[in-house]
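Single-structure report; data block below.
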Amino acid sequence: MKIINVDVVVIGGGPAGLAAAIEAKKQGTKKVMIIERDTSLGGILQQCIHDGFGLHRFGKQLSGCEYADNYIEELNTYDIEVAYDTIVVEILKDKTVYAMNKKDGIIEIHPKAIILAMGCRERTRSQAFIWGTRPSGVLTAGTVQRYINIEGYLPGTKAVILGSGDIGLIMARRMTLEGIDVLGVYELMDSPGGLSRNIAQCLVDYDINMHLSTTVIKTHGNSKLTGVTVAKVDSNRNVIKGSEKYIECDLLVLAVGLIPENELSNQLELDIDPLTRGPVVDDQFMTSMDGVFAAGNVVTVFDLVDYVSLTGEIAGAGAAKYLKGELNLTEEYLPITSGENVSFVVPQKIRLTNLTEELPLYFRVRKKQEKTEVSVCESDSKIHKKRHRVVLPPEMIVEKIKTNLISENKTPLIVNVKEV
Amino acid sequence: MIKNKVINILQNTSEISHYEIGVSVSKDKIVTLTGIVEEWQEVVNIGHLVAKVKGVKNVVNDITSKDVEIKEINNDKEIAETLANGEKEQCDIVIIGAGISGCSIARSLSKYNLNIIVLEKNGDIGEEATKANNGNIHPGFLAKPGTLKAKLNLRGNKLYTELSKDLDFEFKRPGSLVVFHSEKDVKKFKMLKFLKKTGLGYFIKSFRQYMKTPGLKWLSAEEVKQKEPNLRGNPLGGFLMTTMGIVEPFEVCYALAENAIANGATFKLNTKVLDIRKTNDAVHEVITNKSVITCETVINCAGVYADEIAKMVDDKFYTIHPRRGAIAIIDKNRKGFLSTPSGVLGRSDRSHNSKGGGASVTPEGNLLWGPTAVETHDKEDKSVEASDLDYILNLGQGVTDQVKKNEIITFFSGIRAADYKEDFIIEASKKVRGFIHVAGIQSPGLAAAPAVGEMVEKIVLKQNRLITKKDNYISTRKRTPKFRDLSREQQDKLIKENPEYGRIICRCELITEGEIIDAVNAPIPATSIDAVKRRSRAGMGRCQGGFCGPRVLEIIAKELKIPHTEVTLKGGDSYVLHKESRS
Chain A
74 MKIINVDVVV IGGGPAGLAA AIEAKKQGTK KVMIIERDTS LGGILQQCIH DGFGLHRFGK
134 QLSGCEYADN YIEELNTYDI EVAYDTIVVE ILKDKTVYAM NKKDGIIEIH PKAIILAMGC
194 RERTRSQAFI WGTRPSGVLT AGTVQRYINI EGYLPGTKAV ILGSGDIGLI MARRMTLEGI
254 DVLGVYELMD SPGGLSRNIA QCLVDYDINM HLSTTVIKTH GNSKLTGVTV AKVDSNRNVI
314 KGSEKYIECD LLVLAVGLIP ENELSNQLEL DIDPLTRGPV VDDQFMTSMD GVFAAGNVVT
374 VFDLVDYVSL TGEIAGAGAA KYLKGELNLT EEYLPITSGE NVSFVVPQKI RLTNLTEELP
434 LYFRVRKKQE KTEVSVCESD SKIHKKRHRV VLPPEMIVEK IKTNLISENK TPLIVNVKEV
Chain B
1304 MIKNKVINIL QNTSEISHYE IGVSVSKDKI VTLTGIVEEW QEVVNIGHLV AKVKGVKNVV
1364 NDITSKDVEI KEINNDKEIA ETLANGEKEQ CDIVIIGAGI SGCSIARSLS KYNLNIIVLE
1424 KNGDIGEEAT KANNGNIHPG FLAKPGTLKA KLNLRGNKLY TELSKDLDFE FKRPGSLVVF
1484 HSEKDVKKFK MLKFLKKTGL GYFIKSFRQY MKTPGLKWLS AEEVKQKEPN LRGNPLGGFL
1544 MTTMGIVEPF EVCYALAENA IANGATFKLN TKVLDIRKTN DAVHEVITNK SVITCETVIN
1604 CAGVYADEIA KMVDDKFYTI HPRRGAIAII DKNRKGFLST PSGVLGRSDR SHNSKGGGAS
1664 VTPEGNLLWG PTAVETHDKE DKSVEASDLD YILNLGQGVT DQVKKNEIIT FFSGIRAADY
1724 KEDFIIEASK KVRGFIHVAG IQSPGLAAAP AVGEMVEKIV LKQNRLITKK DNYISTRKRT
1784 PKFRDLSREQ QDKLIKENPE YGRIICRCEL ITEGEIIDAV NAPIPATSID AVKRRSRAGM
1844 GRCQGGFCGP RVLEIIAKEL KIPHTEVTLK GGDSYVLHKE SRS
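First to last, the protein sequences are chains A and B.
Residue 294 in my numbering sits at position 221 of the first sequence, and the numbers go up by one each step.
Residue 1592 in my numbering sits at position 289 of the second sequence, and the numbers go up by one each step.
Below is the structure:
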């Protein structure tokens, strides 16, 4: 068995892992290693050939592949080891990481710090509770994207898309361009799940209809999908009897949500936030275990890769500081909680002495509101406020807090979004 | 007179007395029913009602209902095609259907100098009821005393220990726990204990099966709590059937088939029986979509289609009424949450003609809830409806309220091949020499399977006393490596020997490329994504093949040297990919 000692091991070479590895290196960490299960870096970005990436980060619209390449090129200028085609099978509580690949067999890695950057996975048909038979032709949007963009195959001729999240919208356009007849996008909720710009560019521009408060309730066909039944739902998301409609199709594309990939976090028994379904992190994106950091979609599913990279940098810098002994690991945490119309906040807790000048908070609203004020409160006082014309659940809000405004009183911070 | 009794009961049952039902009774006490009713459920109810009449051997239920349309099967065109292509084969025994029963029989008979062909209409074996089974090797306690089911269940359960060693499949005996919450039930189970200990139970007919069931234990409230701390509420006591076992049903099926193949049996997949021809009231030829097979014995293990196969030799004396059962699998995060398949006594939501289901555990540690039991006219109706899941959730809720709906990773259903007597039919045909019925095999068909094989073996030997044993019979089978079960050192060694085991394809279940290649090249090759899943577990985890699906498809295409577009999800025309995007 091969045994390796490193300072930081980064699990996953997608956008979060790339940014984290580079940042850890930049901050003076000696031995940084990325473990990547695929044969190239970039993660899911490699199958995202559409543009819209990097507007915040690079100030221009890039494709997913180009965005990844920018980071990969930078990574190559540093002495960072990448183990390709290698998968982590287990992490022990003493931080021993077991990975494996064809060439080396089982590899036992002893890192001083770990950065979890495994990304997220797609919800499946069972989790969306679609009834009926289980034929072929029911695929998640990411799988369809892989088949079309990477492997070069079309999985059907007539498609129905369930879910109006960004991947669903992107795939509506992509399939249309490939000659697949997209019969409609169906969304259980009464508002779209994806970014407004994607609705305009992927549906409106291609005359694809979106059906809100409507869902796919049943698949038909024992062998190959022959059609789906869609139905309208009421405000409690219950099917309205009599609204059922049969649609003939041979492809049902599921874009019904993403879930942080946390097998390894669970093995380590990290504290998991039930709201994000990812590990609870602090201002350094350190998890409940000292020296174990998390970055990107493992923490919560972000809608922009730019944010994923940012959290990777925070975690990478955090790991470097941890190794240098610069992090206070004993100070009591100050919690940050979700207030009015806020569904979650990341990070969930902070240590005042570890804060830098600015503290970015990432959060989402529960429901759409117009003319709102986003505020961060400490007891009765607002330490941060900002007006937003409109807030939507699919669009993550990022607020940068001036940390010198946080008092030493150790009172929890509450994030509120209110109409004004 | 049976006929009068049947007519009497039909006229005196208020819900159905207004229907005109034709009744005829053959000399061997088979009742044939005809007529038209409103709903399918009534067809089934009438069948059951008549089957319960004393003296009735079985029921051929030709009643139709207005709410469903049942398509007549006509194989004439396909038969003509086979006859035209002229393909001919010969063997001693044809087994129709490669489910758990067919495979067990094939293995039992492969000990002898017999040329055996097993025909399977699907692209894989065990693809019907076998694969959609909860994997319980029932203790035999609940089977109705005096039935064939009861006898074979007890015997089969006992045989599993040795069989699992011989054939190297996963088998555990966690036992099965029933807990109770009322003083009344406590008393009832004390009484049972008394009857068992004193042997008095043998004097009461309805208790005889229970008296014959070994390994029964009575647990106090504390013992229940200790054994299963996560059960809902505070049970007053429990009843543990220690002989209850669990398996992965398809794994047993593959093990049996592979051992039969090692001993010379031939399995023909994608091969559908179209007709059976007789000469002088003896089986002569089986016509399939591929060839005409001349043989001396035909064993009908065709599951839900057993009645239609029997009809081909004019010996249909039972009707199979399909009963759908749905099951839900819970995420592995709950591994260890329950260690014993458990049920709660005194819940009234149990459905008729099923053991009622409950919370079970798979050998891999997933919790499994179900099954349901819903009568359906359609033998291919493998759908799951919202009502099925409501029932399943209710079952699960009875056992624990901690496991939530969103922890379900998949649900599916299969069809039980029930006859109206609700018992197994295993016998040589009285009309056609060489034809053996193995029909009505529903639960506990998996538990009984080894005993079913044994019983059919005896029938075959009785028919032909000249059959001799093979000198070179191989009684054991070894499974291919399961990477996830090895120690890190063993894994390392395996990868060094064969680097294909060094690449994980299914990250949820830790399944390697090597295991998938093994599956595709197995004695019964896994040629579809679902077949690979059942053999290797790739795609059985929480992402349900979202990640590994495309990779498994690629490996299948590569190993079978076929285009990606020809790989199917589950055989037939269930293609995953339509065409190349740049072709």
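Built from N, CA and C at the ideal position, the CB exists for glycine as well.
Since we're looking at a predicted model, the values are computed, not measured.
Give the range of the beta strand (DSSP E) segment to which B/C1394 is assigned. In the DSSP assignment, B/C1394 falls outside any beta strand (DSSP E), carrying neither H nor E.
Just mark A/F131 as buried or exposed, buried being the case when its beta carbon has 16 or more other beta carbons within 10 Å. Exposed.
Can the beta-carbon of A/T112 be found closer than 9 angstroms to that of A/Y157? yes
What ranges does the alpha helix (DSSP H) occupy inside the segment 1332–1374 of chain B, keeping only unbroken runs of at least 4 residues that lie completely in it? Runs found: 1343–1354.
Can you name, in chain order, every residue of its own chain whose Cβ lies under 7 angstroms from the Cβ of A/L337, other than the five neighbours on each side? In chain order, I84, V161, I164, L189, M191 place their CB closer than 7 angstroms to the CB of A/L337, counting only its own chain and leaving out the 5 sequence neighbours on each side.
By the DSSP assignment, the beta strand (DSSP E) with B/I1305 in it spans what residues? Premise fails: B/I1305 lies in the alpha helix (DSSP H), 1305–1314, not in any beta strand (DSSP E).
Helix, strand or coil: how does DSSP classify B/K1452 here? helix
Bridge partner(s) assigned by DSSP for A/V258: A/I234, A/M283
What residue from A/I145, A/K175, A/V233, A/G385 has the CA that sits closest to A/H284's CA? With respect to the C-alpha of A/H284, the residue from A/I145, A/K175, A/V233, A/G385 having the closest C-alpha is A/V233.
Bridge-paired residues (DSSP) for A/M496: Missing from the structure shown is residue 496 of chain A; chain A here goes from 74 to 493 and no further.
A/F202 in three-state terms, based on DSSP: coil
Just to make sure I have the definition right: I need the residues of chain B whose C-beta is within less than 7 angstroms of the C-beta of A/G178. Which are they? D1795, I1798, K1799, G1805
Residues in its own chain within less than 7 angstroms of B/V1550 by CB, not counting five upstream and five downstream? G1438, I1440, F1472, E1473, F1474, P1666
Report the three-state DSSP secondary structure of A/V312 (helix, strand or coil). strand
Please classify B/E1318: is it buried, with 16 or more other beta-carbons within 10 angstroms of its beta-carbon, or exposed? exposed
I want to verify the contact list: residues of chain B whose CB lies under 7 angstroms from the CB of A/S199, in sequence order. I1711, I1712, T1713, F1714, Q1847
Using C-beta distances below 7 angstroms, list every residue in its chain close to A/E147, excluding the 5 sequence neighbours before and after it, in chain order. I95
Within 9 angstroms of any Cβ in chain B, is that where the Cβ of A/P208 sits? yes
Buried or exposed: where does B/D1610 fall if 16 or more other Cβ atoms within 10 Å of its Cβ makes it buried? buried
For B/D1578, the three-state DSSP class (helix, strand or coil): strand
Relative to chain B, which residues along the segment 219–231 of chain A have a C-beta separation below 7 angstroms, given in chain order? Under the 7 angstroms Cβ criterion, the segment 219–231 of chain A contributes R219, Y220, I221, E224, G225, Y226, L227, P228, G229, T230.
Which residue from A/I332, A/I117, A/D379 puts its Cα closest to that of A/R196? Closest by alpha carbon: A/I332.
If we call anything under 9 angstroms between Cβ atoms a contact, is B/C1271 one with B/R1838? In the structure displayed, chain B extends from 1304 to 1886; residue 1271 of chain B sits before or after that span and is not available.
In its own chain, which residues sit with a C-beta less than 6 angstroms from the C-beta of A/K75, not counting the 5 before and 5 after it? D177, I180
Would you say B/M1547 and B/G1459 are within 9 angstroms of each other, going by their C-beta atoms? no
Three or more C-beta pairs under 8 angstroms: does that hold for the segment 1688–1707 of chain B against the segment 1600–1610 of chain B? The segment 1688–1707 of chain B is not in contact with the segment 1600–1610 of chain B.
Run through chain A and tell me which residues come within less than 9 angstroms of B/D1704, C-beta to C-beta. What B/D1704 touches in chain A: nothing, since even the nearest Cβ is about 17 angstroms away.
What does B/G1875 touch in chain A if you count any residue whose Cβ is under 7 angstroms from its own? S296
Under 9 angstroms, Cβ to Cβ, is there at least one residue of chain B near A/I160? yes
Opposing strand residues paired with A/H293 [DSSP bridges]: A/G300
Opening and closing residue of the alpha helix (DSSP H) in which B/Y1621 lies: No alpha helix (DSSP H) holds B/Y1621; DSSP gives it neither H nor E.
Under a Cβ-count criterion, where at least 16 other Cβ atoms within 10 Å of its own Cβ denotes burial, should B/F1714 be classed as buried or exposed? Note on B/F1714: 16 or more other CB atoms within 10 angstroms of its CB, so buried under the neighbour-count rule.
Is the CB-CB distance between A/V155 and A/L118 below 9 angstroms? no
Can you list, in chain order, the residues of its chain whose CB lies under 8 angstroms from that of B/Q1314, leaving out five sequence neighbours each side? S1320
Would you say A/F202 reaches chain B, if we count a Cβ-Cβ gap shorter than 9 angstroms as a contact? yes
Going along the chain, which residues of the segment 1566–1578 of chain B sit with their C-beta nearer than 8 angstroms to a C-beta in chain A? For the segment 1566–1578 of chain B, which is checked against every Cβ of chain A, not one residue is closer than 8 angstroms.
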